[in-house]
Amino acid sequence: MRILVCVKRVPAPGSRISITADGLAVDTAFLGFTTSPHEECAVEAAVQLVEAHGGSATVLTLGPAEAEEQLRYAASVGVSNAVLLATDGADWDPQRTAAAITAAITAIEDRDGVFDLILFGNESADSGGFQVGVRVARHLDRPIVNGIKGISIADGIATLERPTDAGQEVYELTMPAVAGVKEGINLPRYPTLKGRLASKKVQIAIIEPSAKPGGQVLVRLEPPAELTTSTTMLGNGPDAAAAVVDLLEELGVLR
Amino acid sequence: MSGAVLVVLEHDRGTIAPAALEALTAGRALAAQLGTTLEALTVGSNGDSLVADAESFGADVIHQAHHALLTDYNPEAWGEVVAQMITATQPAVVLATGTDRGNEVLAQAAARCDSAFVANCLTFEPGQPGGTFGVTRVRWGGSLIERATVAGTGTGTGTGTATGTGTGTGTGTGTGTKLLTIAHHAVDASPAANPGAGTATVFEARLDPSVARTMIVARVERPAGVTLATAPVVVGGGRGVGSADGFAPLQSLADLLGGVVGCSRAVTNLGWRNHTDQVGQTGTRIAPDIYIACGISGAIQHWVGAMASKKILAINTDPQANMVTKSDYAVIGDLHQVIPAITAEIERRRAT
Ligand SMILES: Cc1cc2nc3c(=O)[nH]c(=O)nc-3n(C[C@H](O)[C@H](O)[C@H](O)COP(=O)(O)OP(=O)(O)OC[C@H]3O[C@@H](n4cnc5c(N)ncnc54)[C@H](O)[C@@H]3O)c2cc1C
Ligand SMILES: Nc1ncnc2c1ncn2[C@@H]1O[C@H](COP(=O)(O)O)[C@@H](O)[C@H]1O
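So the sequences go chain by chain: A and B.
My numbering numbers the first residue of the first sequence as -1 and each following residue consecutively.
My numbering numbers the first residue of the second sequence as 888 and each following residue consecutively.
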């Protein structure tokens, strides 16, 4: 079983997001970075599948040299191979990203064999294009379903579960196949000390990506309109209970 | 005369998605702005029942895509149908719902046309100087707005061949079809003031049997009952709750109010609650009459999932917490004392 997971490095903002003076990026001067959450779960899913069925998991990212941090993190929880498509750090549009990732996958598969399963996040946390995985799957002519919160594998078939408002949909994709995974499919493990040490030894294959820009062009980022709320203080500690219940009565939620 | 605005109507085996009515409303405004007609597309013959809705929201033409393989939702088949409609009718814009399905179908269509696709738009600014088509869109689940331009089909990107319409030149311009989705809740659904009779016409899709590979093979129906997304009251707990057991008083309060318990991602990551309870960017968007947020700091990724609540009451030891300063009401104090006191007060009033 060969599994590939594509992850994106994103900033981890707290109570607000600041924008750079040119309006083209999130000001990350005071921010840490993380793996986009859906993809963190995709990494865990890949590691669990390899633990159950054997084989190996590979993690791939397109981003700045610093994205090595996210690749090593994936290695520290059980991924054995890592690939960096190194950019100068500016965000690539979804068509360009998908073209570069497709080219890299094709090159890796030509050398090492086909990936039975490729996992993406449902959408990246920052730009949220909802499309890179679908485009890559299309370029490779492999089936893909998004919104996946359950994966099991048997007899060359990946059985995928997708929750909806009405319940759960089940899909059966013949491998090689692709899935867009959502947070909640599992609870990602934390790296062990041993895992962290091992991750330092993992070789990162660096590929120089090249692909033409696509048709979605960022003009400027803006903060959303601030809702100006003035907070009504209902009191301090348990003494505020009467005021809270008055409010619940007033709102008609106390039946 | 430019092509129409074509709205892809999301439905589940013949039941229209609420977001599809929003897309029709947004599409009608955009068609008026472009001086063109509003058309709609239903996929599969079980979608034929959507004609009345499409008409009352102002669609002039309703294309009904038929094929033996279109018995249920299927991302690849639906995306292929949209791509074929683009070739057949050369619309100015294809607009779909900014939902899991809507975004997935347009991504499939865009991949097939090798064209740009912009997800979760909020507003449209066609006809910018230089012929560009501008949009604003959601980033970070709503914490940030992006202004962008979008090229139509036929502009190509260097991989594969452009099979779409039009002959756009360069990025951001192009006369081909623009592929867009409208963010859910960005507009309120409102029927047309003077709807005419729409013309329903069948579109015979030509589908390769290979698209059957992403067909739904089984369903598990959800038992009826309130969910986090629809509950009238949500009592949310964050890291401040302290432990999995610490949620018991929150559950009691939620039960008393006919509501459900929600939580922050910190809580899910700690394994105190299931991810199905998580509110936020990568969890559930809630819209209750009141959200009681206890021991939650109000990080922006949590806030975007909670901000559609009609009223928010924060209970927090820290008066400077983002959740407190952004909410409508606040109690400053230890949730482990405040929540039982609220529950006791409700029970006391009920007893009298
Ligand atoms: C890409 C991305 C996506 C994310 N998506 C989500 C998401 O969907 N949902 C989400 O929730 N988060 C999300 N997060 C995480 C988010 O950034 C925060 O880390 C998280 O929301 C913090 O959870 P919290 O408020 O429970 O914990 P904390 O930030 O630790 O806050 C705890 C609060 O409890 C208060 N408190 C402590 N003790 C008490 C007490 N006894 N009584 C009353 N108050 C007390 C403290 O004053 C504090 O305000 C995401 C992050 C990223 C990077
Ligand atoms: N720069 C990137 N590097 C690696 N994978 C990416 C990158 N951007 C997007 N992806 C993958 O594609 C998915 C969908 O991204 P998007 O279309 O931006 O919402 C993400 O969840 C990732 O799995």
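Note that beta-carbon positions come from the ideal geometry of N, C-alpha and C, so glycine has one too.
As a quick exercise: from the options, pick the residue whose alpha carbon is nearest that of residue i.
{"i": "A/ALA175", "options": "A/ALA27, A/THR26, A/THR157", "result": "A/THR157"}
{"i": "A/GLY76", "options": "A/VAL112, A/GLU224, A/LYS198", "result": "A/LYS198"}
{"i": "B/HIS1223", "options": "B/GLN1138, B/VAL1128, B/ALA952, B/LEU1157", "result": "B/VAL1128"}
{"i": "B/GLU1012", "options": "B/VAL1037, B/LEU993, B/ALA1003", "result": "B/VAL1037"}
{"i": "B/THR924", "options": "B/ARG1109, B/VAL1154, B/THR912", "result": "B/THR912"}
{"i": "B/ARG1034", "options": "A/GLN214, A/ARG109, A/ALA63", "result": "A/GLN214"}
{"i": "A/TRP90", "options": "A/GLY111, A/PRO62, A/ASN79", "result": "A/PRO62"}
{"i": "B/ASP1142", "options": "B/SER1151, B/ALA1118, B/VAL892, B/GLY1125", "result": "B/ALA1118"}
{"i": "A/ALA98", "options": "A/VAL112, A/VAL134, A/SER125", "result": "A/VAL134"}
{"i": "B/GLY890", "options": "B/PRO905, B/THR902, B/ARG1106, B/VAL948", "result": "B/VAL948"}
{"i": "B/ALA955", "options": "B/ALA1135, B/ALA1099, B/GLY1125", "result": "B/ALA1099"}
{"i": "B/PRO905", "options": "B/GLU926, B/SER932, B/LEU937", "result": "B/LEU937"}
{"i": "A/GLU220", "options": "B/THR1171, B/ASP1215, B/VAL1022", "result": "B/VAL1022"}
{"i": "A/ALA239", "options": "B/ILE1229, B/ALA1116, B/GLU991", "result": "B/ILE1229"}
{"i": "B/SER1184", "options": "B/ARG900, B/VAL1211, B/ASN1161, B/ASP1132", "result": "B/VAL1211"}
{"i": "B/ARG1172", "options": "B/ALA997, B/GLY1017, B/GLU963, B/GLY1123", "result": "B/GLY1123"}
{"i": "B/VAL1154", "options": "B/SER1130, B/SER943, B/SER1139", "result": "B/SER1130"}
Please tell me whether residue i has its Cβ less than 7 Å away from any Cβ of chain A.
{"i": "B/ILE1177", "result": "yes"}
{"i": "B/GLY1059", "result": "Residue placement at B/GLY1059 cannot be trusted, given a pLDDT of 40 that sits under 50; what the coordinates show is reported in the next sentence. Cβ-Cβ to chain A under 7 Å: yes for B/GLY1059."}
{"i": "B/LEU1031", "result": "yes"}
{"i": "B/ALA1105", "result": "yes"}
{"i": "B/ARG1160", "result": "no"}
{"i": "B/THR986", "result": "no"}
{"i": "B/THR1050", "result": "Reliability of the predicted coordinates at B/THR1050 is poor, the pLDDT of 32 falling under 50, and the value obtained from them is presented with this limitation in mind. By this cut-off, B/THR1050 is not an interface position."}
{"i": "B/THR1062", "result": "no"}
{"i": "B/THR1054", "result": "Interpretation of B/THR1054 is limited by its pLDDT of 32, a score under 50 that renders its predicted location unreliable; the figure taken from the coordinates is listed afterwards. Chain A contact via Cβ: absent."}
{"i": "B/ARG1093", "result": "no"}
{"i": "B/THR1036", "result": "yes"}
{"i": "B/GLY1045", "result": "Residue placement at B/GLY1045 cannot be trusted, given a pLDDT of 34 that sits under 50; what the coordinates show is reported in the next sentence. With 7 Å as the cut-off, B/GLY1045 counts as an interface residue toward chain A."}
{"i": "B/PHE1004", "result": "yes"}
{"i": "B/VAL1242", "result": "Examination of residue 1242 of chain B is not possible in this model, given that chain B is present from 888 through 1239 alone."}
{"i": "B/GLU942", "result": "no"}
{"i": "B/VAL1166", "result": "no"}
{"i": "B/GLU991", "result": "yes"}
{"i": "B/THR1010", "result": "no"}
Could you have a look at residue i and say whether DSSP puts it in helix, strand or coil?
{"i": "A/GLN214", "result": "strand"}
{"i": "B/THR1046", "result": "Confidence at B/THR1046 is low in this model, with a pLDDT of 32, below 50, so its placement is unreliable and the value that follows should be read with caution. Correct three-state label for B/THR1046: coil."}
{"i": "B/LEU896", "result": "coil"}
{"i": "B/GLU1012", "result": "strand"}
{"i": "B/ARG1160", "result": "coil"}
{"i": "B/THR1101", "result": "helix"}
{"i": "B/ALA1228", "result": "helix"}
{"i": "B/THR923", "result": "coil"}
{"i": "B/PRO962", "result": "helix"}
{"i": "B/PHE1134", "result": "helix"}
{"i": "A/ALA247", "result": "The sequence given here places Glu at residue 247 of chain A; Ala does not occur at that position. Correct three-state label for A/GLU247: helix."}
{"i": "A/ARG253", "result": "coil"}
{"i": "A/MET(-1)", "result": "coil"}
{"i": "B/ALA1153", "result": "helix"}
When the cut-off is 7 Å and only beta carbons count, does residue i lie next to chain B?
{"i": "A/PHE128", "result": "yes"}
{"i": "A/LEU138", "result": "no"}
{"i": "A/GLU206", "result": "no"}
{"i": "A/SER13", "result": "yes"}
{"i": "A/ARG218", "result": "yes"}
{"i": "A/PRO174", "result": "no"}
{"i": "A/GLN214", "result": "yes"}
{"i": "A/VAL41", "result": "no"}
Just to make sure I have the definition right: I need the residues of chain B whose C-beta is within less than 7 Å of the C-beta of residue i. Which are they?
{"i": "A/GLU167", "result": "ILE1103, ARG1106"}
{"i": "A/ALA164", "result": "ASP899, GLU1108, ARG1109"}
{"i": "A/VAL143", "result": "PRO962, THR1101"}
Can you name the residues of chain A whose CB is closer than 7 Å to the CB of residue i?
{"i": "B/GLU1232", "result": "ALA239, ALA240, VAL243"}
{"i": "B/ILE1229", "result": "ALA239, VAL242, VAL243"}
{"i": "B/ASN1007", "result": "GLY126"}
If the cut is a Cβ gap below 9 Å, which residues of chain A does residue i touch?
{"i": "B/ASP1221", "result": "GLY235, PRO236"}
Taking Cβ-Cβ distances shorter than 9 Å, what residues in chain B pair up with residue i?
{"i": "A/ASP124", "result": "ARG1026, TRP1027, LEU1031"}
Kindly list, in the order they appear in chain A, the residues whose Cβ is closer than 8 Å to that of residue i.
{"i": "B/SER1214", "result": "THR227, THR229"}
* Three or more beta-carbon pairs under 8 Å between the segment 1189 to 1200 of chain B and the segment 198 to 209 of chain A, yes or no? -> For the pair of segments examined, the segment 1189 to 1200 of chain B was found not to touch the segment 198 to 209 of chain A: the number of CB pairs separated by less than 8 Å stays below three.
* Asked: Within the chosen definition, does the segment 1214 to 1230 of chain B reach the segment 1152 to 1172 of chain B through at least 3 CB pairs nearer than 8 Å?
  -> The segment 1214 to 1230 of chain B is not in contact with the segment 1152 to 1172 of chain B.
* To do: Please determine if the segment 119 to 138 of chain A and the segment 1070 to 1088 of chain B are in contact, where contact requires at least 3 C-beta pairs separated by less than 8 Å.
  => The segment 119 to 138 of chain A vs the segment 1070 to 1088 of chain B: no contact.
* Evaluate the contact criterion for the segment 1145 to 1164 of chain B versus the segment 1227 to 1238 of chain B: three or more CB pairs, one atom per stretch, below 8 Å. => When C-beta atoms of the segment 1145 to 1164 of chain B are compared with those of the segment 1227 to 1238 of chain B, fewer than three pairs fall below 8 Å, so the two segments do not count as touching.
* Is the segment 1090 to 1098 of chain B touching the segment 971 to 987 of chain B, taking contact as three or more C-beta pairs under 8 Å? -> Proximity of the segment 1090 to 1098 of chain B to the segment 971 to 987 of chain B meets the contact definition, three or more beta-carbon pairs being nearer than 8 Å.
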